[in-house]
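Colleague: One structure follows; several queries about it will come next.
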Amino acid sequence: MTASAFSSQDTAALERQTELAVESPVTFEQIWNETHKKVSIGWIRQNGYKRICLQFPDDYLPHSNAISTCLQLALTVEDCKIFILADTTYGSCCVDEIAAAHVEADSIIHFGNACRSKASRLPVLYLYPVLPLELSTMLQQLATLQPECTERDVCVYLDIGYQHLYEHQLAEGEDTLFSQLRDVLRPKKLLIEVYPPPAEDCIENKQPAESETASPTERICIFIGADNQRFANLSLTTTAFQWHIFDGASATLSAKNPLTAQYIRRRYYYIEKCKDAQTLGLIVATLSAVGYLDVVSRLQEMAKSRGIKTQLISVGRINPAKLANFLEIDCFVLIGCPFNNMYNSKEYYKPIVSVFEAEMALNPAWHMKYPEAYVTDFKQLLPEGRSFLAFDAQAVQPQDVSLVSGRMRGGTAGNEAVDSSTTVATQAKMALMTTDTGLTFEDRTWQGLDPALGQTEPAKLQKGLSGIPINYSHD
Numbered sequence: 254m255t256a257s258a259f260s261s262q263d264t265a266a267l268e269r270q271t272e273l274a275v276e277s278p279v280t281f282e283q284i285w286n287e288t289h290k291k292v293s294i295g296w297i298r299q300n301g302y303k304r305i306c307l308q309f310p311d312d313y314l315p316h317s318n319a320i321s322t323c324l325q326l327a328l329t330v331e332d333c334k335i336f337i338l339a340d341t342t343y344g345s346c347c348v349d350e351i352a353a354a355h356v357e358a359d360s361i362i363h364f365g366n367a368c369r370s371k372a373s374r375l376p377v378l379y380l381y382p383v384l385p386l387e388l389s390t391m392l393q394q395l396a397t398l399q400p401e402c403t404e405r406d407v408c409v410y411l412d413i414g415y416q417h418l419y420e421h422q423l424a425e426g427e428d429t430l431f432s433q434l435r436d437v438l439r440p441k442k443l444l445i446e447v448y449p450p451p452a453e454d455c456i457e458n459k460q461p462a463e464s465e466t467a468s469p470t471e472r473i474c475i476f477i478g479a480d481n482q483r484f485a486n487l488s489l490t491t492t493a494f495q496w497h498i499f500d501g502a503s504a505t506l507s508a509k510n511p512l513t514a515q516y517i518r519r520r521y522y523y524i525e526k527c528k529d530a531q532t533l534g535l536i537v538a539t540l541s542a543v544g545y546l547d548v549v550s551r552l553q554e555m556a557k558s559r560g561i562k563t564q565l566i567s568v569g570r571i572n573p574a575k576l577a578n579f580l581e582i583d584c585f586v587l588i589g590c591p592f593n594n595m596y597n598s599k600e601y602y603k604p605i606v607s608v609f610e611a612e613m614a615l616n617p618a619w620h621m622k623y624p625e626a627y628v629t630d631f632k633q634l635l636p637e638g639r640s641f642l643a644f645d646a647q648a649v650q651p652q653d654v655s656l657v658s659g660r661m662r663g664g665t666a667g668n669e670a671v672d673s674s675t676t677v678a679t680q681a682k683m684a685l686m687t688t689d690t691g692l693t694f695e696d697r698t699w700q701g702l703d704p705a706l707g708q709t710e711p712a713k714l715q716k717g718l719s720g721i722p723i724n725y726s727h728d
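FYI, the numbering for the sequence shown is 254 to 728, going by the working numbering.
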């Protein structure tokens, strides 16, 4: 079958790659050892849970059955039921409380990458892999940063695969990770944290005097992990003079600057497109994170004050084919967890902005204010968050000029210049798509199967088939 603008090859779903770096493959021993087993069994017995869901990312699924069997045998006396969750509703980093509710689970054990968004319904135990790390090689590589780190604050972040170092090597003594890093880097002050943190506030180092850092612009940040989704989120939201990544798998050290000029220009272009939109699509990509309903209400209020219509959308994991069905929407706002709210792919027909970018577009309080750091957690934009700015509908300008099209927004000037119903956008592979921002469901030429309401007689109820599909039985 030939792919078109609204369809793809059958194998596309299997061959599709994520925009960010793919997680390194893990072994069974790295994701399930005696420590994992002891912690899991202790947590279940201590709280008396009976129906436990094990949530795995896709690359952990080959080991899921062995882990489930191990727990089931260890909890035979407690008569516990173990369920395996796969193909999560939105993203593997989020706790899938919706799927767990289908089996009436009372707890979830989450494996692998986790955004640590606060779950609203079920208790959750997070288990991370234990990845090997050659400390001598890492210290030797980090020693090259000594001239840069001297007389500056240094913050070292441990990715999920290396958080066991925080637990086992920060004890009291001379030969600890903290003391070794301090001797190698010789910073003014040193702070070691795990990412993502186990709570909403970051864990402070056990050395209280060392945890007080100075100006963020003079801080050097080092990420022990790979250039993955977690690093992208952390580096965007943390202000630093310079970022470095030490990849434990390849034992390489590299400098990284997440906020490039090209990236900033692209995001501000999307913010302007959000201002130009006549209809916004609010994509709900989480049903478990606390505060998502408050964010939806806030966005609807701000959009209404600017005369922008909104549509609430929930389609699970988004892709270009799904969002192409909403031709009447000019810009999408993705309401997701901190790890699942940034999409830069050019395959989408309309821009996708985060909640923070929509806030900058719709809230006048942000128009003359440059943010200190990017905000990926939408809870920080609510009244109790550190990046909250009150919205004043009276401060919204009735008219302003678009920096993208040069036309007047909020008025009638220039609206007749181009008939939007005849605008043709050229897509990939020379396919054509006609857009109309005023298109409604009633105006569509095809609205689905004809229900023929009132035109057919009621059918007589009959007992259906029973049994399994390969051997249906009839009475």
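For glycine and all other residues, C-beta sits at the position ideal for the given N, C-alpha and C.
#1: Leaving out five residues on either side along the sequence, give the residues of the same chain with a beta carbon under 7 Å from the beta carbon of Asn668.
#2: Any chance you could list the beta strand (DSSP E) runs of at least 3 consecutive residues sitting entirely within the stretch 273 to 346, in chain order?
#3: With DSSP collapsed to three states, give me the class of Trp699.
#4: Which value, in whole angstroms, describes the spacing of the CA atoms of Pro278 and Asp312?
#5: Using the C-alpha atoms, what's the distance from Ala372 back to Gln495?
#6: Mapping DSSP to helix, strand and coil, what is His497?
#7: Pick from Arg369, Ser321, Asn300: whose alpha carbon is nearest that of Cys590?
#8: Quick one: complete alpha helix (DSSP H) runs, 4+ long, within the stretch 537 to 569?
#9: List the whole-angstrom C-beta distance separating Ala479 from Ala502, where the pair is believed to meet the contact cut-off of C-beta under 8 Å.
#10: Return the CA-CA distance between Ala643 and His363, expressed in angstroms with no decimal places.
#11: Report the residue from Pro511, Leu430, Ser507, Arg570 whose alpha carbon sits nearest the alpha carbon of Val537.
#12: With H, G and I counted as helix, E and B as strand and the rest as coil, what does DSSP make of Tyr419?
#13: What span of residues does the alpha helix (DSSP H) with Ser726 cover, start to end?
#14: Which residues bound the alpha helix (DSSP H) around Val437?
#15: Let me check one thing: in DSSP terms, what residues is Val586 bridge-paired to?
#16: Alpha carbon to alpha carbon, how far is Ile294 from Ala327? Give it in angstroms, no decimals.
#17: Closest to Lys619 by C-alpha separation, out of Phe641, Val549, Lys599, would be which residue?
#18: At the level of alpha carbons, what is the spacing between Thr781 and Asp630?
#19: Are Cys408 and Leu443 closer than 9 Å when you measure CB to CB?
#20: For a quick check, are the C-beta atoms of Ser360 and Ile320 less than 9 Å apart?
#21: For Phe476, which beta-bridge partners are listed by DSSP?
#22: Specify the secondary structure class of Ile571 as computed by DSSP and reduced to three states.
#23: Could you pull the start and end residues of the beta strand (DSSP E) that Phe631 belongs to?
#24: Does DSSP classify Ser719 as helix, strand or coil?
#25: Note the first and the last residue of the continuous beta strand (DSSP E) segment covering Lys509.
#26: Looking at the secondary structure, which residues open and close the beta strand (DSSP E) in which Tyr379 lies?
#27: For Pro604, tell me which candidate among Leu384, Cys584, Ile566 has the shortest Cα-Cα distance.
#28: By the 10 Å Cβ neighbour count, where 16 or more other Cβ atoms means buried, how is Met555 classified, buried or exposed?
#29: Which value, in whole angstroms, describes the spacing of the CA atoms of Leu307 and Met391?
#30: Can you tell me whether DSSP reads Met621 as helix, strand or coil?
#31: Nearest-angstrom Cα distance between Tyr419 and Glu446?
#32: Whole-angstrom Cβ separation of Cys527 and Val654, contact assumed at under 8 Å?
#33: CB-CB under 6 Å to Phe609, same chain, minus the five flanking residues each way: which ones, in chain order?
#34: Excluding the 5 residues flanking Gln564 on each side, which residues of the same chain have their C-beta closer than 6 Å to its C-beta?
Modeller: The short version:
#1: Here residue 668 is taken as the residue at index 415 of the sequence shown, counted from 1. Any reading at Asn668 is ruled out, since the residue's pLDDT is 41, under 50, leaving its predicted position unreliable.
#2: 304 to 308, 334 to 338
#3: For this step, residue 699 is matched to residue 446 along the sequence shown. Coil, per DSSP.
#4: On the sequence shown, residue 278 is found 25 positions in, with the first residue counted as 1. On the sequence shown, residue 312 is found 59 positions in, with the first residue counted as 1. Pro278 and Asp312: Cα-Cα distance of roughly 7 Å.
#5: Taking the sequence shown and counting its residues from 1, the one referred to as residue 495 is at position 242. Taking the sequence shown and counting its residues from 1, the one referred to as residue 372 is at position 119. If I take the Cα positions, the gap works out to 33 Å.
#6: Along the sequence shown, read from residue 1 onward, the residue named residue 497 stands at position 244. Of the three classes helix, strand and coil, the one that applies to His497 here is strand, per DSSP.
#7: Your numbering for residue 590 matches position 337 in the sequence shown. For Cys590, the nearest C-alpha among the options comes from Arg369.
#8: 545 to 558
#9: In the sequence shown, residue 479 corresponds to position 226, counting from 1. In the sequence shown, residue 502 corresponds to position 249, counting from 1. 7 Å between Cβ atoms; contact.
#10: One-based indexing of the sequence shown puts residue 643 at position 390. One-based indexing of the sequence shown puts residue 363 at position 110. If I take the Cα positions, the gap works out to 36 Å.
#11: If you number the sequence shown from 1, residue 537 lands on position 284. Restricting attention to Pro511, Leu430, Ser507, Arg570, the CA atom closest to the CA of Val537 is found in Arg570.
#12: Locating residue 419 in the sequence shown gives position 166, counting from the first residue. It is helical.
#13: Position 473 of the sequence shown, counted from the start, is the residue given in the question as residue 726. Unbroken run through Ser726 is the beta strand (DSSP E), 724 to 726; no alpha helix (DSSP H).
#14: To locate residue 437, count along the sequence shown from 1; it is residue 184. 430 to 438 is the extent of the alpha helix (DSSP H) around Val437.
#15: For the purposes of this step, residue 586 is identified with residue 333 of the sequence shown, where counting begins at 1. Beta-bridge pairing links Val586 to Leu535, Val606.
#16: Position 74 of the sequence shown holds residue 327. Position 41 of the sequence shown holds residue 294. In a straight line, the C-alpha of Ala327 is about 8 Å away from that of Ile294.
#17: Translated into positions along the sequence shown, residue 619 becomes position 366. Correcting the residue type first, residue 619 is Trp in the shown sequence and not Lys. For the residues Phe641, Val549, Lys599, the minimum Cα distance to Trp619 belongs to Phe641.
#18: Here the chain has residues from 254 to 728 only, and residue 781 is not among them.
#19: On the sequence shown, position 155 is the one that residue 408 refers to. On the sequence shown, position 190 is the one that residue 443 refers to. Cβ atoms of Cys408 and Leu443: closer than 9 Å.
#20: Along the sequence shown, read from residue 1 onward, the residue named residue 360 stands at position 107. Along the sequence shown, read from residue 1 onward, the residue named residue 320 stands at position 67. Taking 9 Å as the Cβ cut-off, Ser360 and Ile320 do not qualify as a contacting pair.
#21: Here residue 476 refers to the residue found at position 223 when the sequence shown is read from its first residue. Within the DSSP bridge table, the entry for Phe476 names Tyr410, Ile498 as partners.
#22: As a working note, residue 571 is residue 318 in the sequence shown. In this structure, Ile571 counts as coil in the three-state DSSP scheme.
#23: Locating residue 631 in the sequence shown gives position 378, where the first residue counts as 1. Run containing Phe631: none; DSSP gives neither H nor E here.
#24: Start at 1 with the first residue of the sequence shown, and residue 719 comes out as number 466. DSSP places Ser719 in strand when its eight states are reduced to three.
#25: For this step, residue 509 is matched to residue 256 along the sequence shown. Its beta strand (DSSP E) spans residues 505 to 509.
#26: What you label residue 379 is simply residue 126 of the sequence shown in a count that begins at 1. Counting along the chain, the beta strand (DSSP E) containing Tyr379 begins and ends at 377 to 380.
#27: Within the sequence shown, residue 604 is the residue found at index 351, counting from 1. Put simply, of Leu384, Cys584, Ile566 the residue whose alpha carbon is nearest the alpha carbon of Pro604 is Cys584.
#28: Residue mapping note: residue 555 aligns to position 302 of the sequence shown, counting from 1. It counts as buried.
#29: By one-based count along the sequence shown, residue 307 stands at place 54. By one-based count along the sequence shown, residue 391 stands at place 138. Leu307 and Met391: Cα-Cα distance of roughly 34 Å.
#30: Locating residue 621 in the sequence shown gives position 368, counting from the first residue. The answer is coil: DSSP assigns Met621 none of H, G, I, E or B.
#31: To locate residue 419, count along the sequence shown from 1; it is residue 166. To locate residue 446, count along the sequence shown from 1; it is residue 193. Spanning the two alpha carbons is a distance of roughly 8 Å.
#32: Numbered from its first residue, the sequence shown carries residue 527 at position 274. Numbered from its first residue, the sequence shown carries residue 654 at position 401. Contact doesn't hold; Cβ gap of about 15 Å is too wide.
#33: Translated into positions along the sequence shown, residue 609 becomes position 356. Same-chain partners within the cutoff: Val628.
#34: Residue numbering aside, residue 564 sits at position 311 when the sequence shown is read from its first letter. Answer for Gln564: Gly534, listed in chain order.
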